[in-house]
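S.K.: Let me give you the structure first, and then I'll get to my questions.
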């Protein structure tokens, strides 16, 4: 039931109109000036978003008229592609501002607080879009439904990060025979950030960048019986933006089998690297770790390559530094 101050309430406004959203062709802004042509993958079938409805021009964004969850459905013609998003938001005829927010998830959606803000942590793929001044009315006489095409793409506010690990190609002073990535922990990250409705950026951080995020899921080749020179690739994670002056620290924890004479031995240990690197909203970063092993399976050379943007080689002197 809509509040009494709904702009459409009144005997001449008729029955409330149920809204459906056309998702096909919607894209996700990935960086300034660019959009991802395959953006349907970023709001795929089964993903959810939440709509917060306000009277057009409202500035009290902590008190929506109504809010409902919507789920992206398969396209009627091409079921492998996303089509419409369905939910149960109904509004009386009138003019509204609609704010759509998502975690790009099929199980949870962002929840608005009473100040009109969302508090977001690392690992949450927060994105938003909005429709301003939308006139709600039935698509045809005698009907109480309206199909709305999204005029703007969703904007991703975090940075998507992928990590990979492998033994460096070529001869190794000590030849590893098996490699498993147990986890990669990244620290020196922003803690929770706050996004306010109708803004285009995060609020200034309230705390120091001392949070962490751990990559624990890797591809099916992350096993002891797979070649050590094939990259183990993590499931992508979304991290909150980080300033370029902030040092990010990596704890790369590995299980490594290696030959010591005629014996096969196993080492479970962490290898460390530190780098200064900005994480910008909407960008994708791939951190590629390649290792050369010396002595009793101690890496004296760990290279960290950041795909497409910069490459930095970290020597043995850099390992373990704070």
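In our numbering, the protein residues as written are 65 to 386.
Glycine included, every Cβ here is placed at the ideal spot set by N, Cα and C.
Here the structure is a predicted model, which means the values were calculated and not measured.
(1) Given this structure, state the Cα-to-Cα distance separating residue 201 from residue 165, to the nearest angstrom.
(2) CA-CA distance, residue 288 and residue 352?
(3) Look at the alpha carbon of residue 256 and the alpha carbon of residue 271, and state the distance between them as a whole number of angstroms.
(4) Residue 87 by DSSP, collapsed to three states: which one?
(5) May I ask you to report which of helix, strand or coil DSSP gives residue 312?
(6) In angstroms with no decimal places, state the Cα-to-Cα distance between residue 81 and residue 213.
(7) If we ignore side chains and look at the alpha-carbon of each, how far apart do residue 182 and residue 141 end up?
(8) If you reduce the DSSP assignment to three classes, tell me which class residue 221 lands in.
(9) Would you report the Cα separation of residue 381 and residue 357, rounded to the nearest angstrom?
(10) For residue 451, which residues does DSSP report across the bridge?
(11) Give every residue of the same chain whose Cβ lies closer than 7 Å to the Cβ of residue 245, excluding the five residues on either side of it in the sequence, and list them in chain order.
(12) Please work out which residues of its chain come closer than 7 Å, Cβ to Cβ, to residue 180, disregarding the five sequence neighbours upstream and downstream, and give them in chain order.
(13) State yes or no: is the C-beta of residue 254 within less than 7 Å of the C-beta of residue 269?
(14) For residue 107, name the three-state secondary structure that DSSP assigns.
(15) If you reduce the DSSP assignment to three classes, tell me which class residue 190 lands in.
(16) Since residue 296 sits in a beta bridge, which residues does DSSP pair it with?
(17) Helix, strand or coil for residue 327, going by three-state DSSP, please let me know.
(18) CB-CB under 7 Å to residue 203, same chain, minus the five flanking residues each way: which ones, in chain order?
(19) For the putative contact between residue 146 and residue 107, defined by C-beta atoms under 8 Å, what is the C-beta separation to the nearest angstrom?
(20) Do you know offhand how far residue 316's Cα is from residue 247's?
M.R.: Judging by the given coordinates:
(1) Within the chain shown, numbered from 1, the residue matching residue 201 stands at position 137. Within the chain shown, numbered from 1, the residue matching residue 165 stands at position 101. In a straight line, the C-alpha of residue 201 is about 23 Å away from that of residue 165.
(2) Translated into the one-based positions of the chain shown, residue 288 becomes position 224. Translated into the one-based positions of the chain shown, residue 352 becomes position 288. Cα to Cα, residue 288 sits roughly 19 Å from residue 352.
(3) Here residue 256 corresponds to residue number 192 of the chain shown, with the count starting at 1. Here residue 271 corresponds to residue number 207 of the chain shown, with the count starting at 1. The straight-line gap from Cα to Cα measures roughly 8 Å.
(4) Taking the chain shown and counting its residues from 1, the one referred to as residue 87 is at position 23. DSSP places residue 87 in coil when its eight states are reduced to three.
(5) Residue mapping note: residue 312 aligns to position 248 of the chain shown, counting from 1. Residue 312: strand per DSSP, three-state reduction.
(6) As a first step, residue 81 is located in the chain shown; it is residue number 17 there, counting from the start. As a first step, residue 213 is located in the chain shown; it is residue number 149 there, counting from the start. Roughly 15 Å between the two C-alpha positions.
(7) For this step, residue 182 is matched to residue 118 along the chain shown. For this step, residue 141 is matched to residue 77 along the chain shown. When rounded, the distance between both Cα atoms is 36 Å.
(8) Taking the first residue of the chain shown as position 1, residue 221 is located at position 157. Coil, per DSSP.
(9) The count along the chain shown starts at 1 and reaches residue 381 at position 317. The count along the chain shown starts at 1 and reaches residue 357 at position 293. Confidence at residue 381 is low in this model, with a pLDDT of 34, below 50, so the placement of that residue should be treated as unreliable; the coordinate-derived value is given next. The alpha-carbon atoms of residue 381 and residue 357 are separated by roughly 15 Å.
(10) This structure cannot settle anything about residue 451, because the visible part of the chain is limited to 65 through 386.
(11) By one-based count along the chain shown, residue 245 stands at place 181. Excluding sequence neighbours, residue 245 sits near 229, 282, 286, 296 and 318.
(12) Taking the first residue of the chain shown as 1, we reach residue 180 at position 116. Taken in chain order, the residues that qualify are 125, 126, 260 and 261.
(13) Here the question's residue 254 lines up with position 190 in the chain shown. Here the question's residue 269 lines up with position 205 in the chain shown. Yes, these two residues count as a Cβ contact at 7 Å.
(14) Reading the chain shown from its first residue, position 43 is the one you call residue 107. Reduced to three states, the DSSP call for residue 107 is helix.
(15) Within the chain shown, the letter at position 126 stands for residue 190. Looking at residue 190 - three-state DSSP - the assignment turns out to be coil, as it is neither helix nor strand.
(16) The residue you call residue 296 lines up with position 232 of the chain shown. Looking at the DSSP assignment, residue 296 forms a beta bridge with 229.
(17) Start at 1 with the first residue of the chain shown, and residue 327 comes out as number 263. Strand.
(18) Here the question's residue 203 lines up with position 139 in the chain shown. Cβ neighbours of residue 203 beyond the five flanking positions: 209, 210 and 211.
(19) What you label residue 146 is simply residue 82 of the chain shown in a count that begins at 1. What you label residue 107 is simply residue 43 of the chain shown in a count that begins at 1. The Cβ separation is near 6 Å, so the contact holds.
(20) Start at 1 with the first residue of the chain shown, and residue 316 comes out as number 252. Start at 1 with the first residue of the chain shown, and residue 247 comes out as number 183. Going by the C-alpha atoms only, they are around 6 Å apart.
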